[in-house]
Amino acid sequence: MMIISKSFLIHACNLLKKYGVSVSGLFLLIITVLSFVPVTQEPPMNGIDKIEHLIAYAALTIPISLAYHPRYKTIFWFVCIWGMMIEILQPYVGRQADTMDAIINGIGAGIGIVFARYLFNVAYMDPSPSEI
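In terms of the numbering used here, the sequence shown opens at residue 14 and continues consecutively.
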């Protein structure tokens with residue numbers, strides 16, 4: 014079953030390798046600003062905010078992980094510490110700190126790195142057929 018051509022995947026990975034730092038920097042700025050915007054009411058306790066954290070931090074780490082391919086540990090720890098600092102500082106802007114958010118941020122960063130490694134391996138190291 015052909016979903017994505019290998020040449021498209023290689024082209025996408027090359028773009029992310031070239032612009033990954035800028036894309037991740039933009040994501041980091043957006044996440045940081047949104048994390049400090051005061052809220053009028055707390056989000057409902059249905060877990061949707063945890064999924065948002067997971068997706069945001071995974072999306073943050075994918076481009077930079079492709080740009081700085083072998084530096085996964087450094088990227089992971091930077092993103093985890095950034096997420097923890099946001100949680101620590103949120104009470105100072107009228108938000109509520111949540112330890113679970115910090116944990117989910119780290120899990121999202123890990124998922125993003127694993128996905129980036131998968132993309133890298135499929136695009137550049139897999140000698141299998143040209144379609145995945």
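Each residue gets a CB set at the ideal place from its N, CA and C atoms; glycine is no exception.
Please report the straight-line C-alpha distance between residue i and residue j, rounded to a whole angstrom.
i      : j      : result
ASN118 : VAL46  : 16 Å
VAL135 : MET97  : 32 Å
HIS24  : LEU67  : 26 Å
ALA69  : LEU42  : 12 Å
ILE116 : ALA129 : 20 Å
Tell me whether residue i is buried or exposed, calling it buried when 16 or more other Cβ atoms sit within 10 Å of its Cβ.
i      : result
LEU28  : exposed
VAL106 : exposed
PRO76  : buried
THR112 : exposed
GLY60  : exposed
What distance in whole Å lies between the Cβ atoms of residue j and residue i, which are believed to be in contact at a cut-off of 8 Å?
i      : j     : result
LEU102 : GLY33 : That pair is no contact at about 26 Å.
ILE94  : LEU73 : That belief does not hold up - the Cβ atoms of ILE94 and LEU73 are roughly 13 Å apart, past 8 Å.
Requested in this report: Please confirm if the region 48-63 is in contact with the region 83-94, defined as three or more CB-CB distances below 8 Å between the two stretches.
Outcome: no
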